[in-house]
Amino acid sequence: MARRWTNDLTHDDVTPEGLWLNRRHILAGLGAAGLAGLPAAGRAQPLEPNSWDDITSYNNFYEFGTGKDDPVRNAGAMDTSGWQVTVDGLVDNPGTYDLAELIGGLETEERLYRFRCVEAWSMVVPWNGFELADLLDRVGVQEGARYVAFETAVIPEVMPGVRRGVLDFPYVEGLRLDEAMHPLTIMATGIYGRDIPNQNGAPMRLVVPWKYGFKSIKSIVRISLVEDQPPTSWNKANAREYGFYSNVNPNVDHPRWSQATERRIGGGLFAQRQETLMFNGYPEVAGLYEGMDLTEFF
Ligand code: MTE
């Protein structure tokens, strides 16, 4: 597997009607201004990013409430200054770090990713972030580590969902080490070149674009390298409905609804339901699951 992510994300083969705008187009200016530079082969439509408003006002962040607009209304009260992250388990450099110290100097870039929520809606988000692999290299993953576990902050004073106990907090998530090291897996610290807003998981959240959105844990305060598969919040809440892997898969339905299609948030050009793509349109990750029955390991 190529260590660095270099692709400009053109997936015509998988999705004839979809074509990624690459970073240059995004940086050159969004929307019509960006289209001028698209490859001539493009019978395909550009993959339009959702608006800042869509991305930052329709959220899942249960610590701040279960309504889609609860995070934008409530998360502003969270103070992310002086944020610290604990790195522990099977690492060479365990410790509790100031975030700036932990991630300082890591190369950040903008990536336009499809985001597919398990509730069968989707968005396209221009994230700013760095590869999780670079952070893991920095802390030094030791022999024997097979999974990475993540934990979100718990600040009851500003988190009404925590006070009400709508889930078993802290929110926890996990990846197999090879998934965590994959160049598509990033830690996001921004959106549209601005600091990531609290409702989207400030100051740092995971983004794993081939998995359902709930794997992308927000406002991370702990990263642990571990030997055994770690517990995950939604699997703990309902193991029948939410597995550890949670790869986007149109062929494996959620017990209560189909995963074959999705509703693109934001309407306009994409108002119609779209077909959901295997691995959310990132076929390059298929090798991670070779030989696994994805109906069993969902
Ligand atoms: N992280 C925490 N800590 N708490 C949450 O409730 N919700 C998850 C995920 N990360 C969640 C979380 C779910 S269900 C989704 S769909 C995405 O965050 C939503 O990310 P977004 O609000 O940036 O679209």
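Everything in the sequence shown is counted per the working numbering, starting at 1 for the first residue and increasing by one.
Idealized CB from N, CA, C, for every residue including glycine.
query, result
"Nearest residue (CA-CA) to I155, options P255, L47, E290, N74", "N74"
"Heavy atom of the ligand MTE within 7 Å of Y171 beta-carbon", "yes"
"Collapsed DSSP secondary structure at N128 in the structure displayed", "strand"
"Inter-stretch contact at 8 Å, needing at least 3 Cβ pairs: the region 123–139 / the region 185–196", "yes"
"For G287, three-class secondary structure by DSSP", "helix"
"Cβ pair M204, L99 closer than 8 Å", "yes"
"With 16 other Cβ atoms within 10 Å as the buried cut-off, status of A153", "buried"
"Closest Cα partner of P209 within the set G95, G266, V72, H182", "H182"
"With 16 other Cβ atoms within 10 Å as the buried cut-off, status of A202", "buried"
"Reduced DSSP category for S122 - H, G, I as helix; E, B as strand; rest coil", "strand"
"Proximal residues to V139 (C-beta, below 6 Å), its chain only, five neighbours per side dropped", "V87, V91, N93"
"Any non-hydrogen atom of the ligand MTE closer than 7 Å to G243 Cβ", "no"
"Close-in-space but distant-in-sequence residues of the same chain around Y97 (CB under 8 Å, 5 per side omitted)", "Q84, V85, T86, V87"
"Beta-carbon proximity check, E227 vs R146, cutoff 8 Å", "yes"
"Residues near D54 in its chain [Cβ-Cβ closer than 8 Å; skip 5 each side]", "M123, I265, G266"
"Buried or exposed (CB count within 10 angstroms, at least 16 for buried), Q199", "buried"
"C-alpha distance - Q45 paired with W52, whole-angstrom precision", "Residue placement at Q45 is flagged as unreliable, the pLDDT there being 49, under the threshold of 50; a coordinate-derived value is accordingly withheld."
"Cβ-based burial, R116 [other Cβ within 10 Å; buried from 16]", "buried"
"Cut-off 7 Å between Cβ atoms - residues of its own chain near I217, not counting five sequence neighbours on either side", "F150, T152, Y171, E173, R205, L206"
"heavy atom of the ligand GTP below 7 Å from G213 C-beta", "Only the ligand MTE can be found as ligands here, which leaves the ligand GTP out of the picture."
"Exposure of P71, with buried meaning 16 or more beta-carbon neighbours within 10 Å", "buried"
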